[in-house]
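Chemist: Take this structure, written in structure tokens, and hold onto it; I'll ask about it next.
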Amino acid sequence: MTKAVVSEELAGKLSKSIPDAVEEITESWVVVKPQSLLQVAIHLKQSPDLAFDYLNCLTAVDYMEYMEVIYILTSMKHNHSLVLKVRCNRERPEVPSVTGLWKGADLQEREVYDLLGISFTGHPNLKRLFMWEGFEGHPLRRDYL
């Protein structure tokens, strides 16, 4: 069983390496700013004391006020895990792609794009996965009719 990384301890490390990246800290997760996501992800993967080398899951939630992309990361080396979140606005939801760091993000980012309409800048092949090209809207958005 993996041990969850203490978010406050991690946020302190992140704040030293990437100032102003962290928006919110709880016992269970860390929320970072969209413009800092890629820097934070690189740090989490490449820092020897963290070494989050595995992306378990990437998903998203529509909260009506904003959209939230959720990353569940694991370090195989240290046997610890982390829930990382990034929030974006509903009008033009967009976050950087992490496919360059974790290849497993490829289909998961496409799924989120297709069903919730969140764009992942830098994704090598961001196109619909379940719905056909030309399908109007994104069926998992709360405002979809």
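According to the numbering used here, the stretch in the sequence shown is residues 141 to 285, in order.
Where a beta carbon is used, it is the ideal one built from N, C-alpha and C, also for glycine.
Every value quoted in this text rests on a predicted model; they were computed, and no experiment measured them.
1) Residues in its own chain within less than 7 angstroms of Val235 by CB, not counting five upstream and five downstream?
2) Suppose you measure from the CA of His220 to the CA of Gln186; what does that come to, to the nearest Å?
3) Taking the alpha-carbon positions, what's the Trp242 to Leu285 distance?
4) Measuring CB to CB, does Asp193 end up less than 8 angstroms from Ser215?
5) Could you pull the start and end residues of the alpha helix (DSSP H) that Lys156 belongs to?
6) Within its chain, find whatever has a CB closer than 6 angstroms to the CB of Trp169; leave out the 5 residues flanking it on each side and keep chain order.
7) Determine whether the beta carbon atoms of Val238 and Ala181 lie at a separation below 8 angstroms.
8) Reducing DSSP to helix, strand and coil, say where Asp189 ends up.
9) Quick check on this structure: which residue in Gln248, Glu251, Ala161 and Glu205 has the alpha carbon closest to the alpha carbon of Asp283?
10) Check whether the Cβ atoms of Phe275 and Arg268 sit closer than 8 angstroms, and answer yes or no.
11) Going along the chain, which residues of its own chain have a beta-carbon closer than 6 angstroms to the beta-carbon of Leu190, five neighbours each way excluded?
12) Tell me whether Asp254 is buried or exposed, calling it buried when 16 or more other Cβ atoms sit within 10 Å of its Cβ.
13) Going by DSSP in three states, Ala245 sits in which element: helix, strand or coil?
14) Assign Tyr211 to one of two classes, buried (16 or more other C-beta atoms within 10 Å of its C-beta) or exposed (fewer than that).
Modeler: On the basis of the data shown:
1) Sequence index remark: in the sequence shown, residue 235 carries index 95 (1-based). Cβ-Cβ distances below 7 angstroms link Val235 to Pro174, Leu177, Val209, Val226, Cys228, Ile258 and Phe260 in the same chain, with the five nearest sequence neighbours on each side left out; the list follows chain order.
2) To locate residue 220, count along the sequence shown from 1; it is residue 80. To locate residue 186, count along the sequence shown from 1; it is residue 46. Rounded to the nearest angstrom, the gap between the Cα atoms of His220 and Gln186 is 15 angstroms.
3) By 1-based counting over the sequence shown, the position of residue 242 is 102. By 1-based counting over the sequence shown, the position of residue 285 is 145. Spanning the two alpha carbons is a distance of roughly 34 angstroms.
4) Position 53 of the sequence shown, counted from the start, is the residue given in the question as residue 193. Position 75 of the sequence shown, counted from the start, is the residue given in the question as residue 215. Yes, they are a contact pair.
5) Start at 1 with the first residue of the sequence shown, and residue 156 comes out as number 16. Membership of Lys156 in the alpha helix (DSSP H) is indicated by the continuous run Ser147 to Ser157.
6) Mapped onto the sequence shown, residue 169 falls at position 29. So the list reads Val223 and Lys225, once near-sequence residues are dropped.
7) In the sequence shown, the residue the question calls residue 238 occupies position 98. In the sequence shown, the residue the question calls residue 181 occupies position 41. The answer is yes: Cβ separation under 8 angstroms.
8) In the sequence shown, residue 189 corresponds to position 49, counting from 1. If DSSP states are grouped into helix, strand and coil, Asp189 belongs with coil.
9) Taking the first residue of the sequence shown as 1, we reach residue 283 at position 143. Cα-wise, what sits closest to Asp283 is Glu205.
10) Within the sequence shown, the letter at position 135 stands for residue 275. Within the sequence shown, the letter at position 128 stands for residue 268. It is a contact, given that the beta carbons lie within the stated cut-off.
11) In the sequence shown, residue 190 corresponds to position 50, counting from 1. Counting only Cβ-Cβ distances below 6 angstroms, and skipping sequence neighbours, we find Leu184.
12) Taking the sequence shown and counting its residues from 1, the one referred to as residue 254 is at position 114. Note on Asp254: 16 or more other CB atoms within 10 angstroms of its CB, so buried under the neighbour-count rule.
13) For the purposes of this step, residue 245 is identified with residue 105 of the sequence shown, where counting begins at 1. In the structure shown, Ala245 sits in a helix (DSSP, three-state: H, G or I).
14) In the sequence shown, residue 211 corresponds to position 71, counting from 1. With 16 or more Cβ atoms within 10 Å of its Cβ, Tyr211 is classed as buried.
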